[in-house]
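Heads up: the sequence lines are chains W and E, in that order.
Sequence positions in the first sequence follow this note's numbering and run 43 to 265.
Sequence positions in the second sequence follow this note's numbering and run 43 to 265.
Since the structure comes first, as structure tokens, the remarks are kept for the end.
Number of protein chains: 2
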Amino acid sequence: MKRAICILSGGMDSATASYIAKRDGYDIVALHFCYSQRTQQRELKAFNDIADTLGAKKYVIDLGFFENIGASALVDKDIEVPTGGIAPGVPVTYVPFRNGIFLSVAAAIAEKEGAEAIFIGVVEEDSSGYPDCRKSFIESMERSINLGTRDETNIEIKTPLIDLKKEDIVTLASKMGVPLELTWSCYKESETACGVCDSCRLRLKGFKKAKLKDPIPYMIKVE
Amino acid sequence: MKRAICILSGGMDSATASYIAKRDGYDIVALHFCYSQRTQQRELKAFNDIADTLGAKKYVIDLGFFENIGASALVDKDIEVPTGGIAPGVPVTYVPFRNGIFLSVAAAIAEKEGAEAIFIGVVEEDSSGYPDCRKSFIESMERSINLGTRDETNIEIKTPLIDLKKEDIVTLASKMGVPLELTWSCYKESETACGVCDSCRLRLKGFKKAKLKDPIPYMIKVE
């Protein structure tokens with residue numbers, strides 16, 4: 043059976059990408075990263091809940107060193123998570139080369155597990171503005187991974203959501219039966235999603251445009 | 043002042059590459075990885091000793107998860123380190139995509155520190171047979187890093203040793219005053235270098251061909 047490493051943060055996008063991998067007939071190895079992000083515990087719960095619905099083998103990888111690198115509101119508690127609305131440019135929540143590190147670790151696990159694909163739920167068009175979500179980066183990284191591993195290792199990076207808008211992802215996830223009630227997107231460490239960080243805003247906008255109800259509770263919902 | 047991240051394992055090659063960075067006028071940020079390798083403590087001592095001679099800022103990054111990935115004699119104690127001589131092909135000491143992970147983390151730190159170069163002491167020609175030491179991989183990885191980081195981030199991966207033979211590295215290091223007595227190359231966890239693992243064999247062959255005396259003690263020296 044063909045096998046895929048699915049990078050699964052516990053958010054809506056990575057959950058949907060993992061469900062696409064399952065639909066496409068892959069045996070799923072779910073991979074989660076703890077990188078001292080503010081929402082580490084809540085994300086880990088979302089990861090475990092979703093991975094269990096997929097019957098996936100699980101890897102939880104500790105990248106706690108991100109706290110020492112800092113330089114992002116997601117891992118440095120001295121930098122506030124913006125809640126005033128999405129601004130142009132690279133946001134302060136950008137974590138330096140995060141997806142590069144995630145994909146490199148995924149490549150090592152793929153080579154060990156004999157997987158032929160890595161699924162990652164990056165979105166380029168209607169996204170966060172992170173440089174490590176660009177298609178050109180992902181394509182180059184796929185090439186790097188295949189050059190830097192054994193000749194018999196061939197790994198494809200699959201980005202089924204890269205060209206979608208958030209509302210398309212909500213619609214698709216809903217049609218495919220992705221358990222959206224188990225997902226977590228908020229950047230804040232609160233028990234209930236804040237509703238006002240960039241990630242909550244993008245998610246809520248997606249549900250609104252898709253004319254569907256988000257099953258998770260929010261502290262505030264900005265219209 | 044221009045700044046470089048130098049990946050410094052504590053071995054002869056990475057020490058020489060770091061000294062070349064210093065000679066070329068870079069302010070040095072020395073980066074070491076603890077990845078549950080057998081010789082973790084000994085390597086860390088070598089790193090600290092050498093980085094101190096360079097007056098470098100130091101980062102020690104914990105990648106302990108390599109133990110969970112395994113698949114290499116360097117991190118899995120159930121796989122023996124070969125001592126019978128260098129065999130053709132990818133050796134069992136190959137750690138899946140290790141340099142990909144190292145370079146990705148170095149890229150994140152370079153972006154944070156505003157460094158414009160990453161120095162890595164990989165050797166392609168006269169080397170260990172690891173796929174992540176190939177020039178084609180390094181060139182692709184440089185491209186990936188620049189695509190996956192901020193537009194204003196420009197990072198060059200410098201591999202000053204890639205085309206050298208081990209004896210050339212010994213000669214160069216000796217001429218440049220690299221403190222070779224502080225370096226550690228052995229794959230085994232012994233106090234004294236074993237002299238018979240692939241890494242010790244390559245090093246000893248290098249000194250022999252360079253007609254120089256290796257300043258570190260060995261348990262056995264195979265002629």
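The beta-carbon is built from N, C-alpha and C at its ideal position, and this holds for glycine as well.
Does E/D193 get closer than 9 Å to chain W when you measure Cβ to Cβ? Interface residue, yes.
May I ask which residues mark the beginning and end of the alpha helix (DSSP H) holding E/R84? It spans Q82 to T95 - the alpha helix (DSSP H) in which E/R84 sits, taken as one unbroken run.
Rounding to the nearest angstrom, what Cα-Cα distance links W/N196 and E/A63 in this structure? Near 34 Å, if we compare the C-alpha coordinates of E/A63 and W/N196.
Distance cutoff 9 Å, beta carbons only. Does E/S51 sit that close to anything in chain W? The beta carbon of E/S51 sits no closer than 9 Å to any beta carbon of chain W.
Measuring only between beta-carbons, confirm whether E/L246 sits less than 9 Å from chain W. Cβ-Cβ to chain W under 9 Å: no for E/L246.
Buried or exposed, going by whether 16 or more other CB atoms sit within 10 Å of the CB of W/P202? Buried, because 16 or more other Cβ atoms sit within 10 Å of the Cβ of W/P202.
If we ignore side chains and look at the alpha-carbon of each, how far apart do E/A88 and W/E166 end up? Taking the straight line from one Cα to the other gives about 43 Å.
Tell me which residues share the same chain as W/L214 and place their Cβ nearer than 7 Å to its Cβ, disregarding the 5 neighbours each side in the sequence. Once the five neighbours on either side are set aside, the close Cβ partners of W/L214 are T58.
Between which two residues does the beta strand (DSSP E) harbouring E/Y101 extend? Here the beta strand (DSSP E) through E/Y101 covers K99 to D104.
Over the uninterrupted alpha helix (DSSP H) stretch that includes E/R140, give me the two end residues. Where E/R140 is concerned, the enclosing alpha helix (DSSP H) stretches over R140 to E155.
Chain E contact residues for W/G112, given Cβ-Cβ distances below 9 Å: Ordered by position in chain E, the residues that pass the 9 Å Cβ test against W/G112 are K154.
Over the uninterrupted beta strand (DSSP E) stretch that includes E/R45, give me the two end residues. Element bounds for E/R45: R45 to I49.
Taking C-beta pairs closer than 8 Å, name the residues in chain E that W/N141 reaches, listed in chain order. Result: G190.
Please classify W/L224: does DSSP put it in a helix, a strand, or coil? In the structure shown, W/L224 adopts helical secondary structure according to DSSP, grouped into three states.
Thinking just about the alpha-carbon of each residue, which of W/V164, W/L244, W/N188 and W/L50 is nearest to the one in W/A93? Ranking W/V164, W/L244, W/N188 and W/L50 by CA distance to the CA of W/A93 puts W/L50 first.
Flag this pair as yes or no: are the beta carbons of E/E184 and E/K250 separated by less than 9 Å? The Cβ atoms of E/E184 and E/K250 lie no closer than 9 Å to each other.
Where W/R65 meets chain E, residues with beta-carbon distance less than 7 Å: The contacting residues do not exist; W/R65 stays about 27 Å from chain E at best.
Could you check whether the Cβ of E/A150 sits closer than 9 Å to any Cβ belonging to chain W? For E/A150, the answer is yes, since a Cβ of chain W falls inside 9 Å of its Cβ.
Using a Cβ-Cβ cut-off of less than 7 Å, give me the residues of the stretch 158 to 181 of chain W that come near chain E, in sequence order. Of all residues in the stretch 158 to 181 of chain W, P173, D174, R176, S178 and F179 have a Cβ within less than 7 Å of some Cβ in chain E.
With 16 other Cβ atoms within 10 Å as the buried cut-off, status of E/A129: Taking a 10 Å sphere around the C-beta of E/A129, we find fewer than 16 other C-beta atoms and assign the residue as exposed.
Close Cβ partners of W/R140 (< 7 Å) along its chain, the five nearest in sequence each way excluded: Once the five neighbours on either side are set aside, the close Cβ partners of W/R140 are D174.
Are the beta-carbon atoms belonging to E/G142 and W/G190 less than 9 Å from one another? In terms of Cβ geometry, E/G142 and W/G190 form a close pair [threshold 9 Å].
Spatial neighbours of W/L86 in its chain, beta-carbon cut-off 8 Å, leaving aside the 5 residues before and after: Here the set comprises G52, H74, C76 and V102.
Just how far apart, CA to CA, sit E/G97 and E/I199? One C-alpha to the other measures close to 21 Å.
Where does W/L246 sit, in a helix, a strand or coil, going by DSSP? The three-state reading of DSSP puts W/L246 in helix, counting H, G and I together.
Applying a beta-carbon distance threshold of less than 8 Å, which residues of chain W neighbour E/I92? Within chain W, not a single residue places a beta-carbon under 8 Å from that of E/I92; the smallest gap is close to 21 Å.
In terms of alpha-carbon separation, which member of W/E158, W/V132 and W/D240 lies closest to W/K230? Checked all of W/E158, W/V132 and W/D240; the closest Cα to W/K230 is W/D240.
What residues from chain W crowd round E/F89, counting only those whose CB sits closer than 8 Å? Near E/F89 there are no residues of chain W at all, since even the closest Cβ is about 15 Å away, more than 8 Å.
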